[in-house]
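A.B. asks: So in the UniProt record's numbering, the last spot in the sequence shown is 328, and the numbers never skip.
Could you have a look at this structure, given as structure tokens, before my questions?
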Amino acid sequence: MNPPSRRLRLALVVTAVLLLAGGSLGYVLHARHRERPPGQQADASFDVSEPGLYFRDTTGGRIARQGGPGLPRVTGGPSCDRFHTAGDHALCLRKLPGVPARTEALVLDRHMREVRRVTVPGIPNRARVSPSGQVLSWTTFTTGDSYNTAAFSTRTAILDLRTGYLIKSIEQIPLTLGGARHHDSDVNYWGVTFAADDNRFYATVSTRGATHLVEGDLRAWSAKALRENAECPSLSPDGTRVAFKKKVSDDPRAPWRLYVLDLATMREHPLAEPHSVDDQAAWLDDTALAYALPGEDGRASDIWSTRADGTGEPALLVPGGSSPARVG
């Protein structure tokens, strides 16, 4: 038999390369598919452009929407452990499998399309998007999984979508405490909430056994403590008040109560919710707040609401939900 011609040999080589490349591509696509189990991504019809309360449905962990009293729950959002949305974007935090603990911070647009993905160490804890949707923050537990213990450490990041700049940890921001520059290796930040100008923010800082409410300035890259014993702040839509959880007891079963602070007078008042709330409350509007409490009948949590002026009685808003965020 005559040996194959040069042209035939070349054709055989090209065919083999294409087959190998196709097999490799198929393997990669299959691997990527395996990395994202069904339910992690939103259904094509689900977005956050419709008015309503968005939240994490504790049955399956996917994001859902409640349009109003008596309306059916709309499901089909992505799978998230923590969630928040405002303006043009949403933030979804997912705990990744494996050890050590890692969190995937997924930035989405209003139609649930991926904008950016960041992987950070730790367990998902807090998520916030600025009113414009352009600045985002997340907090993870890098040590421990509860604020009700001294053995915990957090890492809080801020992402500016206008510039693409990511601050992986805000611990190095110059902090003024008691009128003086404060330095300590035990400084921890968590629970950021943003003002409408995408520059001013509030957060919790813990140092030397105490927690403080701090006001930060992104452009000036500075932060100053405003008062002690205030955690997980949430700025009202009108920018005049901060809701926060205040430690009122050393009982580990019920250490906190929800309060609202007037930023102009620095006067505070408790809200009508009698239970201990370990959550970063979300403002429904300028008059009411939503927050998660441990659920009954074996549910992980329920979403409740209460008036911001401290009057009235708490009301069950969403059974089997957490991470509330109001749109519209």
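In this text, a Cβ means the ideal position worked out from N, Cα and C, and glycines have one as well.
As the structure is a computational prediction, the values presented were derived from the model and not from experiment.
Output needed for Arg65: all residues of its chain with C-beta closer than 6 Å, excluding positions within five of it in sequence on either side, in chain order.
C.D. replies: These residues qualify, in order along the chain: Gly52, Tyr54 and Val74.
A.B. asks: Once DSSP output is grouped into helix, strand and coil, what is the label at Met172?
C.D. replies: The question names Met, but residue 172 in the sequence shown is Gln. It is helical.
A.B. asks: If you reduce the DSSP assignment to three classes, tell me which class Gln134 lands in.
C.D. replies: In the structure shown, Gln134 sits in coil (DSSP, three-state: anything other than H, G, I, E or B).
A.B. asks: Going by DSSP, what residue range makes up the beta strand (DSSP E) through Thr193?
C.D. replies: Run containing Thr193: Asn188 to Phe194, per the beta strand (DSSP E) assignment.
A.B. asks: Hey, how far is the Cα of Gly133 from the Cα of Thr142?
C.D. replies: Rounded to the nearest angstrom, the two C-alpha atoms are 26 Å apart.
A.B. asks: Need the endpoints of the beta strand (DSSP E) that Trp304 sits in, please.
C.D. replies: Element bounds for Trp304: Asp302 to Arg307.
A.B. asks: What residue range is occupied by the uninterrupted beta strand (DSSP E) comprising Ser322?
C.D. replies: Where Ser322 is concerned, the enclosing beta strand (DSSP E) stretches over Gly321 to Val327.
A.B. asks: Of the residues Thr306, Thr265, Arg181 and Gly216, which one's Cα is nearest the Cα of Thr204?
C.D. replies: Looking at the Cα atoms, Gly216 is the closest of the given residues.
A.B. asks: Would you kindly report the start and end of the unbroken beta strand (DSSP E) that includes Asn125?
C.D. replies: Counting along the chain, the beta strand (DSSP E) containing Asn125 begins and ends at Ile123 to Val129.
A.B. asks: Please report the distance separating the alpha-carbon of Thr176 from that of Asp43.
C.D. replies: Taking the straight line joining both Cα atoms gives about 46 Å.
A.B. asks: Output the distance between the C-alpha atoms of Lys224 and Glu104, rounded to the nearest integer angstrom.
C.D. replies: Using only the alpha carbons, I get a separation of about 30 Å.
A.B. asks: Opposite Ser153 in the DSSP bridges: which residues?
C.D. replies: Paired residue(s): Thr143.
A.B. asks: Using 9 Å as the threshold, is the C-beta distance between Arg219 and Trp283 below it?
C.D. replies: In this structure, Trp283 does not lie closer than 9 Å to Arg219 by Cβ.
A.B. asks: Would you mind sorting His269 into buried or exposed? The rule is 16 or more other CB atoms within 10 Å of its CB.
C.D. replies: Looking at its Cβ environment, which holds fewer than 16 other Cβ atoms inside 10 Å, His269 is exposed.
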